[in-house]
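**Student:**
There are 2 protein chains.
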Amino acid sequence: MSDARPGTFYGIGVGPGDPELMTLKAHRLISASRIVAYPAPDSGESFARAIAADAIRPDAVEIPMIVPMRVERFPAQDVYAGAAETIAGHLAAGEDVAVLCEGDPFFYGSFMYLFARLSERFACEVVPGVSSLAACSAALTRPLTARNDVLTVIPGPLPDDDLRARINGAEAVAIMKVGRHLPRLRALLDAMDLTAQAGYVERASLREQVVLPLADAPDAAPYFSMILIYKGNDPWLTP
Amino acid sequence: MSDARPGTFYGIGVGPGDPELMTLKAHRLISASRIVAYPAPDSGESFARAIAADAIRPDAVEIPMIVPMRVERFPAQDVYAGAAETIAGHLAAGEDVAVLCEGDPFFYGSFMYLFARLSERFACEVVPGVSSLAACSAALTRPLTARNDVLTVIPGPLPDDDLRARINGAEAVAIMKVGRHLPRLRALLDAMDLTAQAGYVERASLREQVVLPLADAPDAAPYFSMILIYKGNDPWLTP
Numbered sequence: 053m054s055d056a057r058p059g060t061f062y063g064i065g066v067g068p069g070d071p072e073l074m075t076l077k078a079h080r081l082i083s084a085s086r087i088v089a090y091p092a093p094d095s096g097e098s099f100a101r102a103i104a105a106d107a108i109r110p111d112a113v114e115i116p117m118i119v120p121m122r123v124e125r126f127p128a129q130d131v132y133a134g135a136a137e138t139i140a141g142h143l144a145a146g147e148d149v150a151v152l153c154e155g156d157p158f159f160y161g162s163f164m165y166l167f168a169r170l171s172e173r174f175a176c177e178v179v180p181g182v183s184s185l186a187a188c189s190a191a192l193t194r195p196l197t198a199r200n201d202v203l204t205v206i207p208g209p210l211p212d213d214d215l216r217a218r219i220n221g222a223e224a225v226a227i228m229k230v231g232r233h234l235p236r237l238r239a240l241l242d243a244m245d246l247t248a249q250a251g252y253v254e255r256a257s258l259r260e261q262v263v264l265p266l267a268d269a270p271d272a273a274p275y276f277s278m279i280l281i282y283k284g285n286d287p288w289l290t291p
Numbered sequence: 053m054s055d056a057r058p059g060t061f062y063g064i065g066v067g068p069g070d071p072e073l074m075t076l077k078a079h080r081l082i083s084a085s086r087i088v089a090y091p092a093p094d095s096g097e098s099f100a101r102a103i104a105a106d107a108i109r110p111d112a113v114e115i116p117m118i119v120p121m122r123v124e125r126f127p128a129q130d131v132y133a134g135a136a137e138t139i140a141g142h143l144a145a146g147e148d149v150a151v152l153c154e155g156d157p158f159f160y161g162s163f164m165y166l167f168a169r170l171s172e173r174f175a176c177e178v179v180p181g182v183s184s185l186a187a188c189s190a191a192l193t194r195p196l197t198a199r200n201d202v203l204t205v206i207p208g209p210l211p212d213d214d215l216r217a218r219i220n221g222a223e224a225v226a227i228m229k230v231g232r233h234l235p236r237l238r239a240l241l242d243a244m245d246l247t248a249q250a251g252y253v254e255r256a257s258l259r260e261q262v263v264l265p266l267a268d269a270p271d272a273a274p275y276f277s278m279i280l281i282y283k284g285n286d287p288w289l290t291p
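Residue numbers (my numbering), protein chains in the order written: chain A, 53 to 291; chain B, 53 to 291.
(1) Between the segment 215-230 of chain B and the segment 240-252 of chain B, do three or more beta carbon pairs fall short of 8 Å?
(2) Closest to Leu81(B) by CA distance: which of Glu72(A), Arg86(A), Ser85(A) is it?
(3) Quick check on the DSSP output: the alpha helix (DSSP H) that includes Ser184(B) runs from which residue to which?
(4) Excluding the 5 residues flanking Asp148(A) on each side, which residues of the same chain have their C-beta closer than 6 Å to its C-beta?
(5) What is the rounded straight-line gap between the Cα of Thr197(A) and the Cα of Arg101(A)?
(6) Got a sec: is the Cβ-Cβ distance from Lys304(A) to anything in chain B below 9 Å?
(7) Have a look at Tyr160(A) and Arg199(B) and give me their C-alpha separation to the nearest angstrom.
(8) Out of curiosity, what's the CA-to-CA distance linking Ser184(A) and Met164(B)?
(9) Span of the beta strand (DSSP E) holding Ser277(B)?
(10) CB-CB under 6 Å to Pro207(A), same chain, minus the five flanking residues each way: which ones, in chain order?
(11) On the premise that Cys153(A) lies in contact with Gly181(A), defined as a C-beta separation below 8 Å, what is that separation, rounded to the nearest angstrom?
(12) At 8 Å on the CB atoms, spell out the chain A contacts of His233(B), in chain order.
(13) Just verifying my parser: in three-state terms, what is the DSSP assignment at Met164(B)?
(14) In three-state DSSP terms, what is Val151(A)?
(15) So Val178(A) contacts chain B; which residues on that side make the cut at Cβ distance below 7 Å?
(16) What are the residues of the segment 76-101 of chain A that lie near chain B, defined by any Cβ-Cβ distance shorter than 8 Å?
(17) My understanding is that Ala222(B) touches Leu170(B), with C-beta atoms under 8 Å, so please give their C-beta distance in whole angstroms.
(18) Asn220(A) to Glu97(B), Cα distance in whole Å?
(19) Starting from the beta carbon of Pro207(B), find every residue of chain A whose beta carbon is closer than 8 Å, and list them in chain order.
(20) Spatial neighbours of Ala150(A) within its chain, please: C-beta separation below 8 Å, excluding the five flanking residues on both sides.
(21) Checking 9 Å against the spacing of the C-beta atoms, do Leu234(A) and Ala269(A) come in under that value?
(22) From the DSSP output, in three-state form, read off Val202(B) for me.
(23) Is it the case that the Cβ atoms of Thr204(A) and Leu210(B) are separated by a distance below 9 Å?
(24) Can you find a C-beta in chain C that's less than 9 Å from the C-beta of Met74(B)?
(25) Please identify the residue among Glu260(A), Thr193(A), His79(A), Leu258(A) whose C-alpha is closest to the C-alpha of Arg109(A).
(26) Cα-Cα, which of Phe174(B), Asp156(B), Asp111(B) is closest to His142(B)?
(27) Helix, strand or coil for Glu178(A)? Go by DSSP, reduced to three states.
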C-alpha cells in the first residue's frame with residue numbers, strides 16, 4: 053500500500069452528546085471508516101467514541117488518544133504528537149482516517165492539536181458539528197442571539213476583570229468550561245446584577261442533562277457545563 | 053380532533069446548506085411530520101425547505117411564511133403573527149408542527165418570532181443544528197477558537213466604532229451578515245491591520261461555496277457571507 057495515493061484526514065464533529073445530533077454526513081463517513089481516532093480519558097470511556105459508537109464498524113482499527121485529565125491544564129502535547137505519527141502512517145499508506153470530535157471540531161476542540169501537525173502534509177476535511185453552545189441554548193429553550201446582537205463566548209477560567217469587560221461588551225454571553233469556577237462566576241454575575249438573566253446547563257442533550265436558572269445551580273459543576281446570559285429585555289417580540 | 057391533546061411545536065435546525073449536514077434527529081422528525089412550516093422569500097425558493105427537501109413527506113401540509121426580502125430590515129411581524137395563528141390551529145387540533153430553520157434555530161434565526169408567540173401556549177422542542185459559523189470555519193479549514201480564547205460574533209451592519217471596540221476585545225471574531233457592508237468592513241479591518249488574518253466565506257457547505265482570503269473577496273458579497281478573523285499567532289501548536 054505504500055505507493056498508494058495518501059488518504060484523507062477527516063475531523064468529524066459528532067455533536068454535543070445525543071447520538072441523534074450527529075449529522076448525516078458524520079454518520080456516513082464514520083460508518084465507512086476503517087480507521088477511527090478519538091480522545092479518551094486515562095480511565096473510563098471516550099465521550100466522542102460513545103456518541104458515535106453505533107456508527108463505528110466492528111472491524112475498524114481504533115486509535116484512542118489517551119489524554120490524562122488534569123484540572124485546568126492543556127493536554128500533554130506528546131500524546132498528540134504520537135497519535136499524529138500513527139495517523140500519518142495510515143494516511144501515507146493510502147488509508148483515510150476519521151478523527152471523532154465532541155461538538156464541532158474547530159470550536160474549542162482538541163482536534164486542533166492533530167490538525168496543526170497533519171494538515172500541511174495531508175488532505176484534510178473538517179465536517180462541522182452541532183456545538184455545545186447550540187445544544188445549551190436549545191436545552192434552555194431560549195433564543196441565544198437575535199437581529200444585531202453581539203454574542204461573546206468566554207472561557208470560565210479567565211480572571212474576573214477580563215470576564216467583566218467582555219460581558220459588558222455583548223448582548224448575549226456564553227461562559228464555557230464552567231466546572232469548578234461556578235461559585236466565582238456566580239459571585240461575579242451577582243455583582244453585575246445579571247443572575248436573573250442567566251441560565252445554567254450541564255451535559256446538554258444527554259439523558260443526564262441539567263437545566264436550571266443560574267441561581268439554583270449546584271456549586272459543584274462538571275467541566276461540561278455552561279452559563280448563558282441574555283442581557284436584553286424582551287428582545288424577541290418587538291419589531 | 054379538537055378534543056385531542058395539543059401537538060408539539062418543533063423548531064428544527066436544518067444546518068448551513070448541505071443537506072447532509074442535517075442531524076439524524078432533524079431528518080427523523082421532518083420525515084415524520086405531517087405539517088411543515090418554513091420561511092420563504094417573496095420570489096424564489098425557500099432555503100430551509102431546499103435543505104430539507106428530501107426528508108419532507110409528499111403528503112405533508114406545507115406552511116410557507118412569505119417574508120419580503122428587504123435590505124437591512126427586520127421582517128414584517130404580521131407575517132409571523134399570521135403564521136403563528138395557523139400553526140396554533142394545527143397544534144390545538146393535536147397535530148405536531150415542524151418549523152424548518154436554516155442553521156441553528158436560536159442563532160440569529162427568524163424562528164424566534166414564532167417561538168415568542170407560541171412557546172408559552174404549546175409544548176416546544178428545539179433541535180439544535182450546525183450553525184453557519186461552524187460551517188464557515190470548516191470551509192476555511194482553520195480552527196475558530198482554542199483553549200481560553202474569547203470568541204465574539206458581530207453582525208456586520210453595526211457601526212464602525214462598535215465593531216472596532218468589540219473586535220479589540222476578542223481573540224477570534226466572526227462578522228456575520230456581511231453582504232453589502234463588505235467594502236466598509238474591509239476598510240475597517242485594513243485600518244486595524246487585521247486583513248492578513250481574515251478569511252471570507254460565502255454560502256458555506258453549498259456547491260457554490262466561495263472561500264478566500266479577505267483581501268481577495270469580491271466587493272459584492274451576498275447576505276449569506278461571513279468574515280472570520282484570528283488575532284493570535286500560531287496559537288495551535290505551542291502548549
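The beta carbon of each residue, even a glycine, is placed where N, CA and C say it ideally should be. As the structure is a computational prediction, the values presented were derived from the model and not from experiment.
**Tutor:** So, to answer that:
(1) Taking 8 Å as the limit for Cβ pairs, the verdict is that the segment 240-252 of chain B does touch the segment 215-230 of chain B.
(2) Nearest option by C-alpha distance: Glu72(A).
(3) From DSSP, the alpha helix (DSSP H) with Ser184(B) extends over 184-192.
(4) Counting only Cβ-Cβ distances below 6 Å, and skipping sequence neighbours, we find Gly59, Thr60.
(5) Rounded to whole angstroms, the separation of the alpha carbons of Arg101(A) and Thr197(A) is 31 Å.
(6) Residue 304(A) is absent from the structure shown; chain A starts at 53 and stops at 291.
(7) Straight-line Cα distance between these residues: approximately 6 Å.
(8) For Ser184(A) and Met164(B), the distance between alpha carbons rounds to 19 Å.
(9) Segment 277-282, the beta strand (DSSP E) holding Ser277(B).
(10) The answer, listed in chain order, is Met228, Lys229.
(11) Correct: roughly 7 Å between the Cβ atoms.
(12) What His233(B) touches in chain A: nothing, since even the nearest Cβ is about 12 Å away.
(13) Taken through DSSP and simplified to helix, strand or coil, Met164(B) comes out as helix.
(14) DSSP, reduced to helix, strand and coil, places Val151(A) within a strand of the structure shown.
(15) Residues of chain B passing the Cβ test: Ala190, Thr193.
(16) Correct list: Leu76, Lys77, His79, Arg80.
(17) The pair is not a contact, with the Cβ atoms about 35 Å apart (cut-off 8 Å).
(18) The straight-line gap separating the alpha-carbon atoms of Asn220(A) and Glu97(B) is approximately 40 Å.
(19) Those are Arg199, Asn200, Asp201, Val202, listed as they occur along chain A.
(20) The answer, listed in chain order, is Tyr62, Ile64, Leu81, Ile82, Ser85, Ile87, Val88, Ala89.
(21) Result yes, Cβ atoms of Leu234(A) and Ala269(A) sit closer than 9 Å.
(22) For Val202(B), the secondary structure class from DSSP, reduced to helix, strand or coil, is coil.
(23) Contact check for Thr204(A) against Leu210(B) fails: the beta carbons are separated by 9 Å or more.
(24) Here chain C cannot be found, since the structure's protein chains are A and B.
(25) Of the listed residues, the one whose Cα sits closest to Arg109(A) is His79(A).
(26) Residue Phe174(B) is the option with its Cα nearest to His142(B).
(27) Checking the sequence, you will find Val at residue 178(A) rather than Glu. Three-state DSSP puts Val178(A) in a strand.
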